[in-house]
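A.B. asks: This structure is in structure tokens; I'll ask about it shortly.
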Amino acid sequence: MPDSDVTHGLAMRTLKSYLAHRGPADAVEVTLRTFSLRAREDAVAAEIMQSRPHIVGFSRYVWNGTHLNGVVRKIRESAPSCPLLLAGGPDVAHDPARSVGRKGFDVVVLGEGEEAFRRIVEIALAGSSQFDSIPNIVYRKGDSEIVTTRPAPEAFEDISSHDFPLILDADDHRMFRYETSRGCHFRCRYCKWDRSGARKIRYYPIEKVKGDLERIFALPRLAVLELVDSTFFRPRDKARGLEIMETIHRLNAGREASGLAPVGVVTEQNHLFLDAETCATLSRLPLRNGGIALGLQTIDAEVNQKVLGRGFNRRTSLHRIAELSRDLGSRLAIDVIYGLPGEGYGGYRRSLAFVLTLRTAHIGMYHFLVLPGTHIADHAAQYGIRYETVSPHRLLSSSTWSREDLLEAAKLSFAVYLFYCEDVVPQLNPVRRVILDEVRGNSLPVFDDLVRYLQAEHRPLFSRWLRTFQDSMLDGLTDAYRFFVRTENGAVARRILSDAVAIAKAHAER
Ligand code: B12
Ligand code: SF4
């Protein structure tokens, strides 16, 4: 149940495609459903049960775990004969035994799920509920026995053999997520990107990728393609990455020739792997503003190396990122994290101040999540880390971050989103223009003043936005956006805009 109203998550598409091509396809009908996180749990449960499913599979991530538990409870309460309830996804792995039970899921699949899903369906179709032969799962046997099957860390999908097309399935397709490879070459200690931990990238066959892209780009309403690979241009992947980007150029040219708008691309890249040739290729993509995301996280070399386990040469990296921001301009978005172990609020401010000098269209500022199963979570005590035991596992405090520091960092980040990041609240873009055109040097003090202003002049509103923002970044920003578009808020909105422009201009004159 991903949190998008407009598209299905990629996991469910890949699972369905695998089943259709490798599984007992004729005997099953697979329907994909996506719900907003705002949908009521009983309504979601009722809608799922309306089609009288035999098996219901859920994708569980940090952002939907609590909601999913509620939906599962409602299904169990409402259905006299309950379907088999499965869960998979990155957020089941850390505590599967707690998710499985008479009130929870029947089966939890750990790690990549295509083959496990196929085998569960096959066994269920044969009328059995004995899943012991499937590695890497936890399931309820009978009324109360919880079985954890043989671990098989090596059982990662051989996606190079997945030569069949991805089933696109019906939805509005304004945005589509797609992967051409899995895994990551690095193993940063806070990240769960590469669940194999193998520091290896695995690839889908290039002909399949091209075929899928061809069909995806034929979708008339498609506006954005999000490529969810960890990176594209590692030296040994560069030729392949360029081939994929050139395919996208060709397909977009085809769209334009037939009167369709080109598709904007969003992609994650590693600054170390971008050179003149790859930048030139990326520059030709109709990338959305901030379409190329770089996960900088912090400019602190020691934190990068000793705490996060990332190779990081401060001089080279910052120089390279500054060059990229000149070459790729507004296409670039840089991500930073507040709450990282080993650095405090002062360190975060230094990273943010650096990123602001790059004048990118977007900055991603994220509250640190202590994702269970990561090295940092396993060594939480070493950094005095306290974090939420339930999703999304936000940092609560650590040896270097107090609760108050985290709150200050959230306020500052919120102000940067509001008044700096292009189009988060388009009505406030004039403030960004003043900051970019008129403020010289470090612009962080402008945002300190903007925070002070919101606290002094709009305290209830700012507190509400901030509370929502701290619960969910997207919801907090959406709340602010909605405020500014409502005509009944026009007078306050205009006042915030003119006061904020004046605050920024005051810094320009210094
Ligand atoms: C696209 C993406 C997003 C998208 C949304 C995704 C969506 N709605 O579908 C956006 C940009 C919104 C996003 C945001 C965030 N994301 Co994100 N995102 C991803 C990304 C890059 C790709 C997900 C994907 O489609 N993968 C491809 C599919 C095929 O893999 P998969 O989802 O893991 O599915 C496989 C298995 O898990 C399993 N499986 C999955 N579901 C099911 C269901 C069943 C029934 C079965 C049997 C098996 C199964 O089988 C699948 C096939 O093998 C992943 C990293 C990655 N490469 O996976 C991070 C990732 C999922 N995100 C992550 C995080 C932390 C976030 C944020 C919280 C970051 C932040 N600090 O704000 C935000 C939160 C968003 C929010 N709403 O609050 C973490 C999640 C960790 C976790 N425990 O859940 C990941 C793993 C990245 C990381 N660095 O660790 N994200
Ligand atoms: S943070 Fe980025 S580079 Fe590091 S392991 Fe995760 S995906 Fe790979």
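Per the numbering used here, the very first residue in the sequence shown carries number -2; after that it's consecutive. The beta carbon of each residue, even a glycine, is placed where N, CA and C say it ideally should be.
For C181, tell me which candidate among L219, S227 and D140 has the shortest Cα-Cα distance.
C.D. replies: Cα-wise, what sits closest to C181 is S227.
A.B. asks: Taking the alpha-carbon positions, what's the M46 to Q127 distance?
C.D. replies: Cα to Cα, the separation comes out at about 24 Å.
A.B. asks: With a floor of 4 residues, list each alpha helix (DSSP H) that falls wholly inside the stretch 74 to 127, ordered by position along the chain.
C.D. replies: Counting whole runs of 4 or more residues, the stretch 74 to 127 contains the alpha helix (DSSP H) stretches 93 to 96 and 111 to 122.
A.B. asks: Using DSSP with H/G/I as helix, E/B as strand and the rest coil, what is D2?
C.D. replies: Reliability of the predicted coordinates at D2 is poor, the pLDDT of 49 falling under 50, and no value is obtained from them.
A.B. asks: Applying the 10 Å Cβ sphere with the 16-neighbour rule, what's the burial state of H159?
C.D. replies: Its Cβ being crowded by 16 or more others within 10 Å, H159 is buried.
A.B. asks: Per DSSP, T228 forms a beta bridge with which residues?
C.D. replies: Answer is none; T228 lacks a bridge partner.
A.B. asks: Kindly identify the DSSP beta-bridge partner or partners of I334.
C.D. replies: Paired residue(s): Y363.
A.B. asks: Using only the heavy atoms of the ligand B12, determine whether one of them is closer than 6 Å to the beta carbon of A8.
C.D. replies: Answer for A8: yes, Cβ within range of the ligand B12.
A.B. asks: Who pairs with R391 in a beta bridge, going by DSSP?
C.D. replies: Looking at the DSSP assignment, R391 forms a beta bridge with L366.
A.B. asks: With distances taken between CB atoms, is the gap from D514 to S469 smaller than 7 Å?
C.D. replies: Residue 514 is absent from the model: the chain starts at -2 and stops at 507.
A.B. asks: Of the choices H390, A412 and A378, whose alpha-carbon is the least far from that of S396?
C.D. replies: Per the Cα distances, A378.
A.B. asks: Which partner residues of Y518 appear in the DSSP bridge assignment?
C.D. replies: Lying outside -2 to 507, the shown extent of the chain, residue 518 is not represented and no answer is given.
A.B. asks: In terms of alpha-carbon separation, which member of T371, R400 and L239 lies closest to R383?
C.D. replies: The shortest Cα separation from R383 among T371, R400 and L239 belongs to R400.
A.B. asks: Let's test the definition: count the other Cβ atoms within 10 Å of the Cβ of H390 and tell me whether it reaches 16, buried, or not, exposed.
C.D. replies: The residue in question, H390, is buried, as its Cβ has 16 or more Cβ neighbours within 10 Å.
A.B. asks: Between Y175 and the rest of its own chain, which residues show a CB-CB distance below 8 Å, the 5 nearest in sequence each way excluded?
C.D. replies: Here the set comprises L7, L163, D209, L210, I213, L222, E223, L224 and V225.
A.B. asks: For T11, I'd like the list of residues in its chain whose CB is within less than 6 Å of its CB, leaving aside the five on either flank, ordered along the chain.
C.D. replies: Contacts found: none.
A.B. asks: When you measure from the CB of C418 to every non-hydrogen atom of the ligand B12, does any distance come out below 6 Å?
C.D. replies: No, Cβ of C418 sits at least 6 Å from all heavy atoms of the ligand B12.
A.B. asks: As a quick exercise: from D92, R37, L219 and F114, pick the residue whose alpha carbon is nearest that of L83.
C.D. replies: Nearest option by C-alpha distance: F114.
A.B. asks: Would you mind giving the Cβ-Cβ distance between A121 and L165, rounded to the nearest angstrom? I have them listed as a contact below 8 Å.
C.D. replies: Actually they do not touch by this definition, with Cβ atoms about 26 Å apart.
A.B. asks: Look up E142 in the DSSP assignment and give the residues it is bridged to.
C.D. replies: Note: E142 sits in a beta bridge opposite K138.
A.B. asks: Which class does T11 belong to by DSSP, given the choice of helix, strand or coil?
C.D. replies: T11 falls in the helix class under three-state DSSP.
A.B. asks: Let me make sure I understand the geometry here. Which of Y201, L216, V413 and H372 has the alpha-carbon closest to that of M172?
C.D. replies: Cα-wise, what sits closest to M172 is L216.
A.B. asks: Thinking C-beta only, is I131 closer than 7 Å to A94?
C.D. replies: No.
A.B. asks: Name the DSSP bridge partner or partners of Y201?
C.D. replies: DSSP lists no partner for Y201.
A.B. asks: Inspect the CB distances between the stretch 248 to 257 and the stretch 322 to 341 and report whether three or more fall short of 8 Å.
C.D. replies: Contact fails: fewer than three Cβ-Cβ distances are below 8 Å.
A.B. asks: For H268, count the other beta carbons within 10 Å of its own beta carbon; 16 or more makes it buried, fewer makes it exposed. Which is it?
C.D. replies: That one is buried.
A.B. asks: I'd like to confirm something about Y200: is its beta-carbon nearer than 6 Å to some heavy atom of the ligand B12, or not?
C.D. replies: No.
A.B. asks: Can you give the Cα-Cα distance for H170 and S141, rounded to whole angstroms?
C.D. replies: Between H170 and S141, the C-alpha separation is close to 42 Å.
A.B. asks: Restricting to Cα atoms, I'd like to know which of Y187, I156, R186 and W60 is closest to R179.
C.D. replies: Per the Cα distances, I156.
A.B. asks: So G85 packs on G110, CB below 8 Å; how close in whole Å?
C.D. replies: Yes, they are in contact, since the Cβ atoms of G85 and G110 sit about 4 Å apart, within 8 Å.
A.B. asks: Hey, would you say the C-beta of S227 is under 6 Å away from at least one heavy atom of the ligand SF4?
C.D. replies: Indeed, a heavy atom of the ligand SF4 lies less than 6 Å from the Cβ.
A.B. asks: Looking only at DSSP bridge pairs, what is F444 linked to?
C.D. replies: DSSP, once it has assigned bridges, lists no residue as partnering F444.
A.B. asks: Consider the C-beta atom of G86 and the heavy atoms of the ligand B12; say whether any pair is separated by less than 6 Å.
C.D. replies: Flag set: Cβ of G86 near the ligand B12.
A.B. asks: Assign I331 to one of two classes, buried (16 or more other C-beta atoms within 10 Å of its C-beta) or exposed (fewer than that).
C.D. replies: Buried: at least 16 other Cβ atoms inside 10 Å.
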